[in-house]
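Below is one structure; the comments refer to it alone.
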Amino acid sequence: MSDAPDDATVSDSLDPDLDDMDEGYDDPLIAEPPHPINWNLLNADDAEVEWLELNRWVDWLRHTYGLPATVIPPAWYRHPELLWELSALHLHWLCAYDPEQNGSAPLGWHRDFADARMRLREWVATCGTKLDHDRPTRQTVWPGEEPADPIEDVPIIDRDAEFVEFVMADVAARREAEEAFYNNLDLDAGEVS
């Protein structure tokens, strides 16, 4: 599924060549069947690869279809509702354009893409992210819950650098959680013996 080499890093993959979207998909060492991504369960290494692949594809998508920031804003990666929608759309695209797929599959993807664009517009309007600034998606506080922190807009200065920083923080947090998990397993195993 990924056309990035196994040793790709965040900084190596920021400037995608939009003409090479299919490069590597035929390589039997790189290609793998498309599969749904559960972002909640990815380990650090897989998350880095998936972030880079999705970012590259989203960049290709917005350029190919001339999508405005009201459909795909620069800080889409900071909003889970946009992440999940775009990730699902990417998977659908991979499946629709798979060489083994039925010839009408791309038409189905375009039909579903029209629906997805409407949902993306709704998500973008709800979360309030814009072309030049971003803010966390507002959360409705239910009775009995702690009041939400105030939400402030943050300017988007260098989108690519901010994406790299975000991914590096996500990967580091996942790696830390993995280490804590395995350290607890080691402690538990020590208590058993």
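In UniProt numbering, the protein residues as written are 1 to 193.
Where a beta carbon is used, it is the ideal one built from N, C-alpha and C, also for glycine.
Per DSSP, residue i is paired with what?
| i | result |
| --- | --- |
| His63 | Paired residues: none, contrary to the question. |
| Asp134 | Val154 |
Using a Cβ cut-off of 7 Å (strictly closer), state whether residue i contacts chain B.
| i | result |
| --- | --- |
| Ser104 | In summary, chain B is missing from the structure at hand, where a single protein chain is found. |
Out of curiosity, what's the CA-to-CA distance linking residue i and residue j?
| i | j | result |
| --- | --- | --- |
| Val167 | Arg175 | 12 Å |
| Trp84 | Trp76 | 10 Å |
| Trp123 | Asn184 | 38 Å |
| Ala173 | Ala44 | 8 Å |
| Arg56 | Glu48 | 12 Å |
| Pro68 | Val164 | 22 Å |
| Ala180 | Gly66 | 44 Å |
| Ala161 | Ala116 | 27 Å |
| Cys95 | Pro36 | 11 Å |
At which residues does the alpha helix (DSSP H) containing residue i begin and terminate?
| i | result |
| --- | --- |
| Trp103 | Note on identity: in this sequence residue 103 is Gly, with Trp being the wrong assignment. Looking at the DSSP string, Gly103 is not in any alpha helix (DSSP H), and its letter there is neither H nor E. |
| Ala88 | 80-96 |
Since residue i and residue j are thought to touch, with beta carbons under 8 Å apart, how far apart are those beta carbons, to the nearest angstrom?
| i | j | result |
| --- | --- | --- |
| Phe113 | Leu89 | 7 Å |
| residue 262 | Thr70 | Outside the shown range of the chain (1 to 193) lies residue 262, about which nothing can therefore be said. |
| Glu50 | Leu42 | 6 Å |
Would the stretch 59-74 and the stretch 128-141 be scored as touching if the rule is three or more Cβ pairs under 8 Å?
The stretch 59-74 makes contact with the stretch 128-141, as at least three CB pairs between them are under 8 Å.
Would you check if there are 3 or more beta carbon pairs closer than 8 Å linking the stretch 134-150 to the stretch 103-117?
Judged by pairs of C-beta atoms under 8 Å, the stretch 134-150 does not touch the stretch 103-117, as fewer than three such pairs exist.
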